[in-house]
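So the sequences go chain by chain: A and B.
With the numbering used here applied, the first sequence covers 1 to 117.
With the numbering used here applied, the second sequence covers 118 to 228.
All residues carry an ideal CB built from backbone N, CA and C; glycine is no exception.
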Amino acid sequence: GAVVSQHPSWVICKSGTSVKIECRSLDFQATTMFWYRQFPKQSLMLMATSNEGSKATYEQGVEKDKFLINHASLTLSTLTVTSAHPEDSSFYICSARRTEPLNTEAFFGQGTRLTVV
Amino acid sequence: EDKVVQSPLSLVVHEGDTVTLNCSYEVTNFRSLLWYKQEKKAPTFLFMLTSSGIEKKSGRLSSILDKKELFSILNITATQTGDSAVYLCAVLSNSGYALNFGKGTSLLVTP
């Protein structure tokens with residue numbers, strides 16, 4: 001089956017620094033990847049849709065300048081949390097689906113637990 | 118606005134019990150409904166349902182979709198402690214590629 005790899009699995013950073021999270025599709029090309037955020041005991045909230053070769057589409061309420069997304073190749077999308085603050089501490093998960101056929105499941109990365117101190 | 122509502126939000130059962138998890142949805146241009154199991158990290162795929170009335174089965178887990186009444190159920194028979202997890206329902210619409218998730222049902226199976 002398809003595999004999506006996310007790195008790092010956990011990171012602790014100081015307030016004010018930036019953190020980059022990588023998401024790779026290992027055995028298929030993903031023109032579109034998705035970034036989700038999950039708070040404890042809550043569901044996955046879509047943050048943005050990452051489009052290869054073009055700008056990401058952000059969900060309402062998600063700051064574009066704070067959560068920078070780059071999708072430079074068909075197998076890699078990155079999420080950079082800029083000037084991180086403690087309230088950015090969360091579980092971030094990326095996801096990718098094959099573009100064709102239309103009805104395929106989404107595969108998830110392992111997730112990144114971000115703690116900002 | 119698309120909605121995915123799961124019930125119950127949490128459930129505690131004894132090993133060997135059978136459980137039924139519910140997912141109702143209101144989605145424009147529905148394409149498919151998916152069930153995932155999430156333990157400590159990323160969700161793992163269970164089922165994708167596209168057609169009404171066709172049961173999908175995998176071991177002790179099964180699921181079915183009712184597109185007329187806009188809901189799906191996930192059944193787990195002879196539950197085991199390893200079934201303890203959050204079960205997420207998500208819907209895919211024709212308007213985009215992203216999954217819209219419900220809040221999940223947290224299942225705890227006690228010995």
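Check                                                                                                                                                 : Outcome
Beta carbon of S73/A, beta carbon of E52/A: below 9 Å?                                                                                                : yes
Pick out whichever of T80/A, L26/A, Q110/A has its Cα sitting closest to the Cα of A119/A.                                                            : The shown model of chain A, from 1 to 117, leaves out residue 119/A, and the question about it has no answer.
Verify the CB distance criterion: does L114/A have a CB-CB separation below 9 Å to chain B?                                                           : no
Which stretch, first to last residue, makes up the beta strand (DSSP E) that contains V116/A?                                                         : 112 to 116
Given a limit of 9 Å on CB to CB distance, which residues of the region 212 to 226 of chain B reach chain A?                                          : G213, Y214, A215, L216, N217, F218, G219, K220, G221, S223
Please identify, using Cβ separations under 9 Å, the residues of the region 198 to 209 of chain B that lie next to chain A, in order along the chain. : V203, L205, A207, L209
With distances taken between CB atoms, is the gap from L187/B to T137/B smaller than 9 Å?                                                             : no
Span of the beta strand (DSSP E) holding F147/B?                                                                                                      : 147 to 155
With DSSP collapsed to three states, give me the class of T198/B.                                                                                     : helix
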